[in-house]
Structure formats: structure tokens, C-alpha cells
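See structure below.
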Amino acid sequence: MEAFPIQELALPIALGGHDIIGQARTGTGKTLAFGAALLQRIEHGGREPRALVVAPTRELALQVTDDLLVAGGKLGSRVLSVYGGRAYEPQIEALREGVDVVVGTPGRLLDLVKQKHLDLSKVEILVLDEADRMLDLGFLPDIERIVQRIPAQRQTMMFSATMPGEIVTLSRRYLTRPTNVRAESHTESDATPQVVQHVFQAHQMDKPEMIARLLQAESRGLTMIFCQTKRACDRVAADLAQRGFDAAAVHGDLGQSQRERALRAFRSGKIGVLVATDVAARGLDVDDVTHVVNYECPDSADTYVHRIGRTGRAGKEGIAVTFIDWSDRTRWKLINGTLDLPFADPPETYSTSPHFFEALGIPAGTKGTLPADKRNGRAGLDAEKLEDIGETGKVRSHDRGRDHDREQERERPRPRRRKRDRTRTRAGQPVEATATEAETAADDNVVDAVATERKRSRNRRRTRAGKPAATGGGTAEAPQTA
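For the working numbering, add 1 to where a residue sits in the sequence shown, where the first one is 1.
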């Protein structure tokens with residue numbers, strides 16, 4: 002089996018105990034580049050962890066944990082993943098029993114450290130995975146707090162797909178004479194030679210039809226669709242389900258158990274389409290993803306690189322399709338220029354455009370709904386069990402919506418109304434009933450008087466020179482002058 006470039010370059014240096022700054026995009030084997038050296042160098046069997054891997058997202062933490070468990074199976078390595086959304090108790094119990102490697106997200110790691118359940122005083126190797134994404138998510142202060150808890154005599158390895166200035170500053174502060182390992186080309190066209198890229202200028206209202214036809218392409222396998230917002234993810238996934246496709250959404254508003262179920266179903270092929278936001282899918286490593294679709298224009302060139310990096314992995318070929326709305330043309334030109342792509346003026350495309358069918362290998366006559374004879378080819382999301390992981394946050398479920406909330410409201414007993422006996426007081430002493438009645442009567446008289454005054458009709462009389470004018474139907478005489 003041939004090693005990836007990042008593994009060939011980084012593994013010998015990591016085994017030698019030197020600090021590393023590795024630049025490689027996700028899916029190029031960098032987990033084993035640091036994982037193999039990490040498992041080989043640490044001492045196993047202690048109570049406190051000897052290695053710490055920090056990841057920006059829960060999904061990436063789980064993925065790294067699985068890879069390390071496979072790589073360290075014969076060594077008997079004890080690897081624990083800690084992240085938010087799950088109950089604290091199982092993670093605390095595992096730490097008490099002892100672990101060799103901890104993989105976690107910054108927030109949960111700091112919580113466990115503050116509660117004195119996680120002791121980092123014996124950590125010998127620190128790995129910062131997807132450092133640029135942790136910077137984007139605002140985890141830099143948390144990273145600094147974590148590093149301050151680790152002994153200064155350690156090996157530090159930092160990996161990132163891009164190297165912004167803040168990452169360089171971070172490396173200078175916490176790494177000692179690091180070796181720079183770059184397994185990334187300067188342009189995206191060179192960095193993803195196995196990815197065929199297509200860019201179309203599409204109308205917002207026509208995108209669902211285009212997606213439905215694209216998903217019926219002859220070579221289409223597992224597909225990831227990226228949206229800018231959580232609401233868009235839900236909308237696109239629901240629309241595809243109505244059209245007959247097995248699709249699921251993954252974003253931050255879903256409960257952790259739901260996100261993990263969708264990812265397991267996607268990895269195992271029970272669903273064929275995963276609709277996700279950038280944060281939820283960051284660092285996701287899924288084999289056999291043939292198509293990546295940018296439902297909306299990415300925010301930046303880096304985001305575009307990370308998105309299309311979900312396909313064309315491990316030397317396999319992939320297809321990346323990007324839909325550009327008319328309002329996104331200026332932003333796309335900046336991305337196109339930064340990456341030196343040949344798509345400065347994307348063609349105007351509709352769901353019935355012949356060049357759209359031809360470019361993506363869509364059979365002629367394909368409609369926007371999956372035919373009945375082609376449905377049920379996959380088990381679907383319901384075939385994947387929803388685990389009870391003792392979530393600490395909210396759990397959203399499509400099976401428990403507003404109707405469930407209303408039922409809960411009806412079932413909830415109403416609180417008994419307290420009987421209120423009010424007593425009037427004056428200067429801290431209760432007022433006598435007779436005095437109170439008298440005062441109340443007086444108050445009523447005042448109110449009645451005011452009301453009577455307001456109801457009194459206004460009989461206006463005409464005056465002239467301060468005297469009442471004569472009334473009647475005739476004309477008043479003019480005053481005589483001397």
C-alpha cells in the first residue's frame with residue numbers, strides 16, 4: 002500500500018520527536034501521519050493521558066478517534082473522545098479508569114480540566130488538527146488556555162489546510178524549532194487533480210430541479226450538498242425526500258445523536274445524500290463520495306477548497322458542482338481569481354439546459370422526481386438506530402414537533418390558583434371595616450360627581466359684546482350709534 006505524501010514527509014520527523022507544522026488538505030492521510038508516531042512514542046498503561054489531540058468539531062474528533070483505535074489496536078491503546086452534546090458521566094468514568102490518548106473539542110476539554118477530571122500534566126505529545134478551522138470558529142483563546150496546562154517539554158504537531166497569519170503566530174509561540182511539511186499545491190487545480198469542477202449560473206427557484214436531475218446522473222454515488230444556513234439545509238433535505246431521494250441534514254441545531262446517526266447512515270450507504278453546513282462537515286472523511294454540490298456560493302476561497310475536498314480523496318476521482326446566483330457573481334469572481342480557476346464567467350444554466358445534462362452525464366429525459374422503480378434502493382435514515390447518548394443540549398427530532406409540544410402542554414397539570422385575602426392597612430395597622438366602608442363610599446361619591454360633570458351636556462349660548470344674543474328665527478338688528 003502506497004503512503005500519501007504527507008505521511009512520507011511527516012512520519013519520520015514525528016517519530017524523531019520533533020515539532021511539525023504540516024500543511025495538507027483533509028483526506029490526504031494526515032491523521033496517520035501524526036497518529037502512527039503518536040501511538041508509537043507514548044507510554045501505555047498509565048492513568049493520565051500521555052497524548053492530546055484537539056479538533057475543531059465533534060465529527061472530526063470522532064473520526065480521529067476511530068482512526069487511532071484502528072491503528073493502535075495491536076498496541077492496546079486506550080483512546081477516548083470527549084466533546085459537547087454527550088453526557089459528562091461516561092467521559093469522566095473513562096478518565097478515572099485511565100486513558101492513553103484523549104481526542105476532544107476545546108470547549109469540553111476545558112470543562113473537564115476546570116472540573117479537575119482531566120489531568121494534562123503528563124501529556125507528552127500535543128496535536129492541533131485543522132488549526133485554521135479552529136481559528137475560524139474562535140477557539141484560539143481556548144487553545145491557549147489548554148496549552149498552558151500542558152508541560153513545556155513536549156512534542157507539538159500542528160496541521161492545517163491553510164496557513165493564515167494567525168496560525169503562523171501561534172506556531173511561533175508554542176512550537177520549538179518546527180519543521181515545515183507542505184503536501185499542498187499552491188493552486189486548487191493542482192491540489193485536487195482528481196476533482197472535475199463545474200460552475201453554473203443558476204436561478205434560486207430552479208436549483209431544486211437542477212439538484213434532483215444531478216442526483217440521477219449515471220456515475221453518481223454518495224453526494225454531499227453544502228448550504229450556507231441551517232434552515233437551507235433542512236429545506237433542501239426535506240425537498241429531496243419529497244422527490245424520492247434518501248437524504249438527511251447535518252447542522253448545529255440538530256442533537257448530537259441525530260447528527261451521529263445521519264453520519265453513520267451516510268458512511269454505511271443507507272442514505273445517499275448528506276446536506277450539511279461547513280462547520281458540521283469540516284474534516285469529515287467519508288469514502289466513495291463521488292459528487293460535492295455547492296448549493297450556494299461559498300464565502301471564501303478557503304471554504305471552496307474545503308468543500309470540494311470532500312471528494313477526489315485517496316486518489317479517487319470526484320465531481321464538484323457549484324451553483325452561482327446572479328447576486329453572487331462578484332464574490333465568485335474573487336474566489337475564481339484567487340484560485341486561478343477557468344470559471345470567471347459561468348454559463349447561465351437551467352434544469353432543462355442541454356449542456357447541463359451533457360456535462361454531468363445526466364440521462365436525456367430525466368425529470369425532477371426519482372422514478373418509483375428506482376426508489377428504495379437504500380435502507381434510509383430510519384434504518385440507522387438513534388442512540389441514547391445522554392445529551393446535555395436540546396434534541397430536535399422531526400418526529401417530535403409542535404404537535405408533541407401541544408400534547409405535552411395539555412398533559413401538564415395546571416397550577417392551583419392561590420386564594421388571595423387582601424387586607425387594607427395604614428401605617429402598618431389594619432384599617433377598620435367601618436372606616437374602610439366610609440372611605441369607599443366617599444370615594445364612590447367623588448367618582449360619581451366627576452362622572453356626572455363629564456356627562457353634563459354643553460349648552461352653548463351665542464353672545465355679542467359680552468351679552469347674550471337674541472334667539473329666534475329672525476335677523477339681529479345692528480346696534481345704534483350716537
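Virtual Cβ for every residue (Gly too), placed ideally from N, Cα, C.
The structure displayed is predicted, hence computed values, not measured ones.
Within 8 Å, strictly: CB atoms of residue i and residue j
i, j, result
"residue 106", "residue 84", "yes"
"residue 490", "residue 11", "What the structure shows of the chain is the stretch from 2 to 483, and residue 490 is not part of that stretch, so it cannot be assessed."
"residue 1", "residue 289", "This structure cannot settle anything about residue 1, because the visible part of the chain is limited to 2 through 483."
"residue 40", "residue 76", "yes"
"residue 291", "residue 220", "yes"
"residue 53", "residue 127", "yes"
"residue 326", "residue 205", "yes"
"residue 273", "residue 224", "yes"
"residue 247", "residue 381", "yes"
"residue 370", "residue 213", "yes"
"residue 227", "residue 134", "no"
"residue 251", "residue 264", "yes"
"residue 140", "residue 25", "no"
"residue 387", "residue 268", "no"
"residue 165", "residue 136", "yes"
"residue 147", "residue 111", "yes"
"residue 78", "residue 118", "no"
"residue 116", "residue 319", "no"
"residue 294", "residue 138", "no"
"residue 231", "residue 253", "yes"
"residue 55", "residue 129", "yes"
Cross-strand partners of residue i (DSSP beta bridge)
i, result
"residue 320", "197, 292"
"residue 158", "21, 128"
"residue 377", "DSSP output for residue 377 lists no bridge partner at all."
"residue 349", "202"
"residue 82", "104"
"residue 485", "Here the chain comprises residues numbered 2 to 483, so residue 485 is not present and cannot be evaluated."
"residue 361", "Paired residues: none, contrary to the question."
"residue 53", "103, 127"
"residue 325", "202"
Exposure label - residue i; buried when at least 16 CB within 10 Å
i, result
"residue 172", "buried"
"residue 210", "buried"
"residue 374", "exposed"
"residue 385", "buried"
"residue 337", "buried"
"residue 409", "Its pLDDT being 39, under 50, residue 409 is placed unreliably in this model, and the value from its coordinates should be taken loosely. That one is exposed."
"residue 402", "Here the model assigns residue 402 a pLDDT of 38, short of 50, so the residue's position is not dependable and the matter cannot be decided."
"residue 217", "buried"
"residue 296", "buried"
"residue 60", "buried"
"residue 31", "buried"
"residue 131", "buried"
"residue 86", "buried"
"residue 364", "exposed"
"residue 51", "buried"
"residue 260", "buried"
"residue 476", "Low local confidence applies: a pLDDT of 47 at residue 476 is under 50, so the model's placement there is unreliable, and no value is given."
"residue 176", "buried"
"residue 414", "Summary for residue 414: the model assigns pLDDT 45, below 50, so the residue's position carries little reliability; its value from the coordinates is reported in the next sentence. Residue 414 comes out exposed."
"residue 335", "exposed"
"residue 23", "buried"
Residue from the options with nearest C-alpha to residue i
i, options, result
"residue 305", "278, 104, 327", "278"
"residue 17", "168, 31, 38", "38"
"residue 142", "7, 167, 330", "167"
"residue 20", "298, 174, 250, 339", "174"
"residue 314", "285, 97, 149, 342", "285"
"residue 123", "136, 381, 170, 47", "47"
"residue 6", "360, 184, 328", "184"
"residue 201", "36, 74, 346, 245", "346"
"residue 14", "117, 70, 125, 35", "35"
"residue 324", "242, 203, 366", "203"
"residue 353", "320, 215, 56", "215"
"residue 257", "158, 63, 117, 120", "63"
"residue 114", "348, 255, 96, 243", "96"
"residue 241", "368, 92, 117, 195", "368"
"residue 69", "383, 244, 154, 103", "103"
"residue 125", "66, 101, 144, 108", "101"
"residue 266", "379, 197, 98", "379"
"residue 342", "197, 49, 153", "197"
"residue 287", "301, 299, 311", "311"
Any non-hydrogen atom of the ligand ZN within 7 Å of residue i CB
i, result
"residue 23", "As for the ligand ZN, it is missing from this structure, which has no ligand bound."
Contact with chain C by residue i, beta-carbon distance below 8 Å
i, result
"residue 32", "Given the protein chain composition of this structure (a single chain), no chain C is represented."
Entirely within the stretch 91 to 149 and at least 3 residues each: give me those beta strand (DSSP E) ranges in chain order.
102 to 105, 126 to 129
Residue ranges of each beta strand (DSSP E) within the stretch 220 to 307, 3 or longer:
223 to 227, 248 to 251, 274 to 277, 290 to 295
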